[in-house]
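Structure first, then comments.
There are 2 protein chains.
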Amino acid sequence: MSPRSPEPRQGRATILDVAAAAGVSRQTVTRAMNDMTGISQATRERVQRIAAELGYTPSRFAKGLVQGARTSIGLAIPDLTNPYFPAFASSVVEAATARGWNVVVDDYGHGTGNALDAAARLAPQVDALIGYLGDHAVAAQAMLGRRPIVGLDDPQAPAAGSISFDYAYAARLGLERLVARGCRSIAFLDSGQGGIAAGRGSAVSAAAAERGLQLLKFAAEPSAVHAREAVTAFLAGKAELDGLLVFNDLMAAGALKALQAAGRNVPGDVAVIGMDGIPLGELVSPELTTLSLDLRSVGRAAVGLLEGLLSGAIEPRASDSALLLRHELVVRQSA
Amino acid sequence: MSPRSPEPRQGRATILDVAAAAGVSRQTVTRAMNDMTGISQATRERVQRIAAELGYTPSRFAKGLVQGARTSIGLAIPDLTNPYFPAFASSVVEAATARGWNVVVDDYGHGTGNALDAAARLAPQVDALIGYLGDHAVAAQAMLGRRPIVGLDDPQAPAAGSISFDYAYAARLGLERLVARGCRSIAFLDSGQGGIAAGRGSAVSAAAAERGLQLLKFAAEPSAVHAREAVTAFLAGKAELDGLLVFNDLMAAGALKALQAAGRNVPGDVAVIGMDGIPLGELVSPELTTLSLDLRSVGRAAVGLLEGLLSGAIEPRASDSALLLRHELVVRQSA
DNA sequence: GTGCGCAACGTGAACGTTCACGAAGAAAGC
DNA sequence: GCTTTCTTCGTGAACGTTCACGTTGCGCAC
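Residue numbers (the working numbering), protein chains in the order written: chain Z, 67 to 401; chain S, 67 to 401.
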């Protein structure tokens, strides 16, 4: 048995297998496979045919090693089942695809995982990272070494690049709307998770204090069902309620359900405002008034930042590497 | 200038940079970085510290080349903004992560892309592929060479592994429900896209014929807004309608909106049944009765199939490589 | 003091591809 | 006929890591 049989049964065929089968050299196979010049049309076709017969596909490792490709980015998100994140992921994938990059997606919400686990899984696979990393951005950067990170919603300790949201502005906008509608007893349904999620709650509290508003706060895990249960429990208490600002649209959708189940009319009895502006808001009844984010622009911005960081056009942790985006009030039916 | 300066400014640091800076050999750095035996604790820590200072991270290409890792799978889906697909993607990512695999996600719905473009982008990056490939499964297999593909919803020309859905069964279940409710004028809102999507429509037609039912069919692009417009236009026509079966839940949600806008009570005037069983169905009003799929089990099954194909435990295109899953009627409020 | 074993560390080879260069042969110009 | 040019193809080296060895030095038993 020769060390390299003409048609290896196991393991992937290599370029040398194809070369041997075609009676040419490595380089000629390379020329044929990559549509390079310096090869006759006849040879090109013959080699391609033989390659296909052998099921040969070039090793991405060997190719990447010699070419030094930088084309894989990681995307770390907490929960693909919360519609906000696929909407965001979709725009990241679109922007990355336009640049010829691949996106390795890691959803760290399963089980007890956190962003650091996701970073650890992605670190050996990618050239850069985009993600909701919260407090773990620093540790993630250590894992990534010199490869850039664009962190979302990390205004405290921004990563090399960062995209944050002006929650103070959003909170003012939301409360203003509720007050303008005549709401007197306003509550904020927060996310029960700390970390990344804390910014919204404190911004709303601050905005309420600024206006001299008494603000009731309660919290739930960030899902529709949990929000529904939390609102039901809240309504069972004595508290008055005629205006409700909610951590995100998904939870707001759950809140709507609970209010309706409790016989409260929305927006007649209780006005509800969500946050994020996901398409779901237009499908629920009543349609959700929300503090909307242009999610496609968020993804584009993140990938654009990353491109700048990778090329060196943008300095890490500089003024132009930290973006602050604003929500916009989209008035529909719920408030 | 020596060919390898102690602290290279540009380009990633290599194992040799670390070795030189620490005054040890490659192999010792390897031992330190990978927590191997045969190294003193003092040296291990010193090397790790120096590696961190240099921002060294091992090249995935070199590592993959020598270790022959098979840990990246591609996931090709048409549209991340349709909630069905992230729900599916989430379960694939979860199952893949549990096996230590990474998932490269490609969303080919942007612009004019199709599944073949996605396969072409993914082919150089992954060791296997899961996806909604439709007619392109054969062409995709050519790009993947010997690497296995698990295709979804491709009963005609199954890939190496395939997961299909028993639409005949689902259609009978749905129509049965509508008839049992007393519906006489039943329509099916189909997806305007051919290819992958055609199976549902023909199954519903067949099931209707089987029952001797007259079935009205109309179609729209598979999004909530398009479905809403299509239903509005349909209602503006003369046709009677008291039962509506819809291609998927997202479109059904749009249909609900249109029916309500036209003053039709659901389910009083028109009963509506969706398909897929995505969480959205519980958030709309009335809550959507649907032909539900256990999406987590679909992802698990796909990854399990892939694992079998990769390990050789499952033969491509064999009886055990083609799974047929059944929908289940989940009765909520809309029918 | 000789031999042995073990811990700690180093070196050649290999993974599969592309790049840079070189060589052979044919066609073309004079 | 000779050189030149162009097309077609082949060969050494390199990418950065791990694997399988080999080597050194030290302690210890006899």
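In this text, a Cβ means the ideal position worked out from N, Cα and C, and glycines have one as well. The model shown is predicted, which means the values in this text are computed figures rather than measured ones.
Within 8 Å of the CB of Z:N168, the CB atoms of chain S belong to V170, D172, R187, L188 and Q191, in sequence order along the chain. Taking C-beta atoms as the reference points, Z:A85 and Z:S91 count as a pair closer than 8 Å. Contact note: S:Y122 reaches chain Z through G211, using a C-beta cutoff of 7 Å and chain order. Look at Z:R126: its C-beta is under 8 Å from a C-beta on chain S.
Look at Z:H176: its C-beta is under 8 Å from a C-beta on chain S.
Each of S:R212, S:Q326, S:G240 and S:A273 was checked against the Cα of Z:E119, and the nearest Cα belongs to S:R212.
DSSP, reduced to helix, strand and coil, places Z:A79 outside both helices and strands of the structure shown, so it counts as coil. Of all C-beta pairs linking the stretch 330-342 of chain S to the stretch 279-288 of chain S, fewer than three are shorter than 8 Å, placing the two stretches out of contact. S:V192 sits buried, since 16 or more C-beta atoms from the chains shown fall within 10 Å of its C-beta.
Against chain Z, the beta carbon of S:T355 has no neighbour under 9 Å; the closest one sits roughly 16 Å away. In the DSSP assignment, Z:N168 is bridged to Z:S138. Assignment of S:M99 by DSSP, reduced to helix, strand and coil, places it in the helix class.
Residues are counted here when their Cβ sits less than 7 Å from a Cβ of chain Z; for the stretch 292-306 of chain S the count is zero.
Beta bridge pairing from DSSP links Z:M341 with Z:L357. Annotated as distal: S:L375 and S:F154, with beta-carbon spacing of 8 Å or more.
It is roughly 18 Å from the alpha-carbon of S:E353 to the alpha-carbon of S:V291. According to DSSP, residue pairing for S:V216 in a beta bridge involves S:I196 and S:G227. Note that the stretch 384-393 of chain Z does not touch the stretch 377-392 of chain S; fewer than 3 beta-carbon pairs, one per stretch, sit closer than 8 Å.
Between S:A253 and S:L307 the beta-carbon gap is near 6 Å, inside 8 Å, which marks them as a contact. Z:R126 and Z:A226 have their C-alpha atoms roughly 28 Å apart. In the DSSP assignment, S:D315 falls within the unbroken alpha helix (DSSP H) covering D315 to A327.
Residue burial annotation: Z:T147 is buried, with at least 16 other C-beta atoms found within 10 angstroms of its C-beta.
In the displayed model, Z:E394 falls within a strand according to three-state DSSP. For Z:V312, the enclosing beta strand (DSSP E) begins and ends at G309 to V312.
In this structure, the CA atom of S:S268 is about 11 Å from the CA atom of S:S257. Shown here for S:R112: same chain residues with a beta carbon closer than 7 Å to its own, the five before and five after excluded, namely A88 in chain order.
Put simply, the CB of S:K323 is near chain Z, with a gap under 8 Å to one of its CB atoms. Taking 8 Å as the threshold, the shortest C-beta distance from S:A142 to chain Z does not fall below it. Contact between Z:I139 and Z:Y198 is ruled out by a C-beta separation of about 15 Å, above the 8 Å threshold.
Per DSSP, the beta bridge partners of S:S257 are S:A286. Shown here for Z:A117: same chain residues with a beta carbon closer than 6 Å to its own, the five before and five after excluded, namely V84 in chain order. Put simply, the backbone Cα of Z:N331 is about 7 Å away from that of Z:L325. For Z:G265, the enclosing alpha helix (DSSP H) stretches over residues A264 to R277.
Counting C-beta pairs closer than 8 Å gives fewer than three between the stretch 239-252 of chain Z and the stretch 204-218 of chain Z, which falls short of the contact rule. Per DSSP, Z:V332 lies in no alpha helix (DSSP H) segment and is marked neither H nor E. Assignment of S:I116 by DSSP, reduced to helix, strand and coil, places it in the helix class.
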